[in-house]
Amino acid sequence: MITPFAGDAVDHPALIRLVQHYAAAGVNGFVVCGSTGEAAALDKHEQLAVLDTVLAAAGALPVVMGLSGYHLGQTIAWVKELAQRPIAGLLVPPPHYIRPAQAGLVQWFTALADASGTPLVVYDIPYRTGCHITLETLLALAAHPNIQAIKDCGGDAGKTQALITDGRLQVLAGEDAQIFTTLALGGAGAISASAHVCTAQFVEVMQFLKDGKLQQARALWQPLLPVVHAAFGEPNPAVIKAALAQQGLIQDGLRLPMVAASAAATARLVAAIDRVTRA
Numbered sequence: 019m020i021t022p023f024a025g026d027a028v029d030h031p032a033l034i035r036l037v038q039h040y041a042a043a044g045v046n047g048f049v050v051c052g053s054t055g056e057a058a059a060l061d062k063h064e065q066l067a068v069l070d071t072v073l074a075a076a077g078a079l080p081v082v083m084g085l086s087g088y089h090l091g092q093t094i095a096w097v098k099e100l101a102q103r104p105i106a107g108l109l110v111p112p113p114h115y116i117r118p119a120q121a122g123l124v125q126w127f128t129a130l131a132d133a134s135g136t137p138l139v140v141y142d143i144p145y146r147t148g149c150h151i152t153l154e155t156l157l158a159l160a161a162h163p164n165i166q167a168i169k170d171c172g173g174d175a176g177k178t179q180a181l182i183t184d185g186r187l188q189v190l191a192g193e194d195a196q197i198f199t200t201l202a203l204g205g206a207g208a209i210s211a212s213a214h215v216c217t218a219q220f221v222e223v224m225q226f227l228k229d230g231k232l233q234q235a236r237a238l239w240q241p242l243l244p245v246v247h248a249a250f251g252e253p254n255p256a257v258i259k260a261a262l263a264q265q266g267l268i269q270d271g272l273r274l275p276m277v278a279a280s281a282a283a284t285a286r287l288v289a290a291i292d293r294v295t296r297a
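Sequential numbering from 19 applies to the sequence shown in the working numbering.
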């Protein structure tokens, strides 16, 4: 989920409105304070407030909390603090910037999984962290009972298929353009930024794929691809926020270093949305 702002403050009424909007569209849960949520621009108190608002509004739908860091003691303390909330899991990338060895990644994720009262979703996103998690490392992590899923942004179709075949980790597409492929191969679902718009259509595609209705899914998916590409036409989540603001769901606010989307990028996404909703 994005984090809506009113001026420089988190807009909690808009956040509640978004949760209700997406729940009505059929999503299976929420991820808060991920990269799309501008978590790095929120302090710890704001992150907890965002989490509490979403938990209260989500009802029975599960809520996963994003976190990051590379100071082990502080990160474990944060994991334990978050465990006091009724969250369904934690979305955890490798420590950014330092690019640890694979043995270091195993020890890092194991230490966090040991400390956590909720399952971990490993966030494999090398273009943000500078760190590549190998298949061997992921299979080793899959042996931990508290590491249960992966948000797969690794860009390696062979690794994705191997993890699905292994079956111990739920494989969630993290690159929106790969949603169709991942679910067709047997993936468990997706953590999607572009599904902030055309949400019901994204949900329907995923349900068709889970039901094995490939032809129906393909017919719905093709018009959604321009939405995916337009949503990431400029740094995420600027374009998505601009489109949601045009829909009256939020104010179009971001925090530096994020800046508002250009009029051209916004127009491309709005046009792509219109083509889907008119179909």
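The beta carbon of each residue, even a glycine, is placed where N, CA and C say it ideally should be.
For V28, is the beta carbon positioned less than 6 Å from some heavy atom of the ligand FAD? Absent from the structure shown: the ligand FAD. Ligands present: none.
Among the candidates Y145, I151 and A133, whose CA atom is the shortest distance from the CA of A121? I151
Helix, strand or coil at F250 [DSSP, three-state]: coil
Of all the alpha helix (DSSP H) runs that stay within the bounds of the segment 185-253, which reach a length of 4 or more residues? 197-202, 217-228 and 232-249
Could you check the C-alpha separation between G207 and L190 for me, to the nearest Å? 5 Å
Which listed residue (Q65, L109 and Q92) has its alpha carbon closest to that of P80: L109
Just mark Y145 as buried or exposed, buried being the case when its beta carbon has 16 or more other beta carbons within 10 Å. exposed
Does the separation of the CB atoms of T136 and P111 fall below 7 Å? Contact flag unset, no.
Jot down the residue ranges of each uninterrupted alpha helix (DSSP H) in the segment 98-168, minimum 4 residues, whole runs only, in chain order. Fully enclosed alpha helix (DSSP H) runs of no fewer than 4 residues occupy 120-133, 144-147 and 153-159 of the segment 98-168, in order along the chain.
Which residues does DSSP pair with A24 in a beta bridge? Partner residues in the beta bridge of A24, as assigned by DSSP, are A27.
Using a Cβ-Cβ cut-off of 7 Å (strictly less than) and excluding sequence neighbours within five positions of A133, which residues of its own chain qualify? I94, V97 and K98
Can you find the residues in the same chain that come closer than 7 Å, C-beta to C-beta, to D194, ignoring five residues on each side of it along the sequence? S210, A211, S212 and V246
Which value, in whole angstroms, describes the spacing of the CA atoms of F23 and P253? Each residue's Cα considered, the two are about 17 Å apart.
In the DSSP assignment, what are the bridge partners of G84? L109
Once DSSP output is grouped into helix, strand and coil, what is the label at V45? coil
What residue from G271, L187, Q219 and R103 has the CA that sits closest to L242's CA? Q219
Take G47 and list the residues in its own chain whose beta-carbon comes closer than 8 Å to its own, dropping the five residues that flank it on each side. Shown here for G47: same chain residues with a beta carbon closer than 8 Å to its own, the five before and five after excluded, namely A76, L79, P80, V81, V82 and A106 in chain order.
Quick check: what's the CA-CA separation for M19 versus V49? 6 Å
Under 7 Å Cβ to Cβ from V294, same chain only, skipping five residues before and after it: list those, please. Cβ neighbours of V294 beyond the five flanking positions: C216, Q219, P241, L242 and V245.
Look at the alpha carbon of A297 and the alpha carbon of R236, and state the distance between them as a whole number of angstroms. 14 Å
Mind reading off the beta-carbon distance from T71 to L33? Whole number of angstroms is fine, and I expect it under 8 Å. 5 Å
Determine the burial state of I268: buried for a count of at least 16 other Cβ atoms within 10 Å of its Cβ, exposed for fewer. buried
For D170, does the three-state DSSP call read helix, strand or coil? strand
Please report how far the alpha carbon of T183 lies from the alpha carbon of G271, in whole angstroms. 42 Å
I'd like to check one pair, L138 with I165: are the Cβ atoms closer than 7 Å? yes
What are the residues that DSSP puts in a beta bridge with V50? As computed with DSSP, V50 is found in a beta bridge with M83.
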